[in-house]
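Residue numbers for the sequence shown follow numbering that gives the first Met the number 0, so the first one is 0 and each next one is one higher. Positions of the beta carbon are idealized from the N, C-alpha and C atoms, including for glycine.
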Amino acid sequence: MLGLIHNELLVIIGRWRSYIGFIGISILMPLILWGFVHGSNELHQDYVRELGGTFVVVGNIFNAFLATYIIMNTLWIHIPFLITLAAGDSVAADGSNGIFRITLTRSVSRLKILISKLLATYIYTAALLIFCAFWSLGVGSLVLGTGDLITIDNGILILDESQAWIRMALSFALAILVMCTVATLCFMFSALVNNAVGPIIGTMFLIIISYMIMGIPLEFFEKIEPYLFVKYFNVWWDAFKDPIPWGEIGKKLGILSLYSAGFFGIAVKVFLAKDIKT
Numbered sequence: 000m001l002g003l004i005h006n007e008l009l010v011i012i013g014r015w016r017s018y019i020g021f022i023g024i025s026i027l028m029p030l031i032l033w034g035f036v037h038g039s040n041e042l043h044q045d046y047v048r049e050l051g052g053t054f055v056v057v058g059n060i061f062n063a064f065l066a067t068y069i070i071m072n073t074l075w076i077h078i079p080f081l082i083t084l085a086a087g088d089s090v091a092a093d094g095s096n097g098i099f100r101i102t103l104t105r106s107v108s109r110l111k112i113l114i115s116k117l118l119a120t121y122i123y124t125a126a127l128l129i130f131c132a133f134w135s136l137g138v139g140s141l142v143l144g145t146g147d148l149i150t151i152d153n154g155i156l157i158l159d160e161s162q163a164w165i166r167m168a169l170s171f172a173l174a175i176l177v178m179c180t181v182a183t184l185c186f187m188f189s190a191l192v193n194n195a196v197g198p199i200i201g202t203m204f205l206i207i208i209s210y211m212i213m214g215i216p217l218e219f220f221e222k223i224e225p226y227l228f229v230k231y232f233n234v235w236w237d238a239f240k241d242p243i244p245w246g247e248i249g250k251k252l253g254i255l256s257l258y259s260a261g262f263f264g265i266a267v268k269v270f271l272a273k274d275i276k277t
């Protein structure tokens, strides 16, 4: 299995589309950090007004932690799109190129090949999120500095620097698990077709439509909302609550895991019956 995963990672590395996400983040993140450097005073004043005179603020509360928190709140459509660029190719590309005519005639089972492709996709997903964390937290710490993290969401939470690092690590770990669900959805579509464009469009269509349904204040849509997997994407927010609601985190991750299992189950059923002769 490790050999299969290694081979699939080499395939991902060999596709030019796999680098679009890293290139995009390398272009976007410096621009965002540059904007934060020049607009930090304005953002600092906005937060001070939100505090409403409750606290005496000494120094600038805007730092790499707060910048990362803001970035994670604004990239939840962009990051899934970057992930689908690689996940969409995972199975469909081999089908369109006729590679399955060689690989699926070997002694290795189709299920093992499919699992290795999915795990390689997960590794790519994790690498992309870690790369984003490198820019926002790593480079951001050098540019913006570090300090206490102050978040305002149904209350005010103040975390000292040591706690902020732990909460950030937890939030990115949860974000990786969330994006693995997106990767699995795109992977399922990739197993259904032989064109990588379809899985990308299908995945983003479902995500955008789900967000639109959640944003419409109608009773009918409110009844549907608990069954939308994107409703649980905000599990990373729970890393910034005090105390950390581990039960709620477990529930949300459990629901996302069920969706991922369902997506993968459909992919397995289709892939095992795939015709490699035509």
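{"Item": "List the residues that DSSP assigns as beta-bridge partners of ARG156.", "Value": "Looking at the sequence shown, residue 156 is not Arg but Leu. Answer by DSSP bridge pairing, in chain order: THR150."}
{"Item": "Please list, in chain order, all residues of the same chain as ALA174 whose beta carbon is under 6 Å from its beta carbon, the five residues on each side excluded.", "Value": "LEU128, TRP235"}
{"Item": "Counting pairs of Cβ atoms below 8 Å between the stretch 139-146 and the stretch 199-211, do you hit three or more?", "Value": "no"}
{"Item": "Exposed or buried, ILE199, counting other C-beta atoms within 10 Å across all chains shown (16 or more means buried)?", "Value": "buried"}
{"Item": "Give a yes or no on whether the C-beta atoms belonging to LYS111 and GLU7 are separated by under 7 Å.", "Value": "no"}
{"Item": "If you follow the alpha helix (DSSP H) that MET0 is in, where does it begin and where does it stop?", "Value": "Careful: MET0 lies outside any alpha helix (DSSP H) and carries neither H nor E."}
{"Item": "According to the Cβ coordinates, are VAL181 and PRO79 closer than 7 Å?", "Value": "yes"}
{"Item": "Among residues of its own chain, excluding the 5 on either side of ILE19, which ones have a beta-carbon nearer than 6 Å to its beta-carbon?", "Value": "LEU84"}
{"Item": "Using alpha carbons as the reference points, say which of LYS222, VAL36, LEU169 lies closest to ILE243.", "Value": "LEU169"}
{"Item": "When you compare only the Cα positions, how much space is there between THR67 and TYR210?", "Value": "22 Å"}
{"Item": "From the DSSP output, in three-state form, read off VAL192 for me.", "Value": "coil"}
{"Item": "Does GLY249 pass the burial test, meaning 16 or more other C-beta atoms within 10 Å, or should it be called exposed?", "Value": "exposed"}
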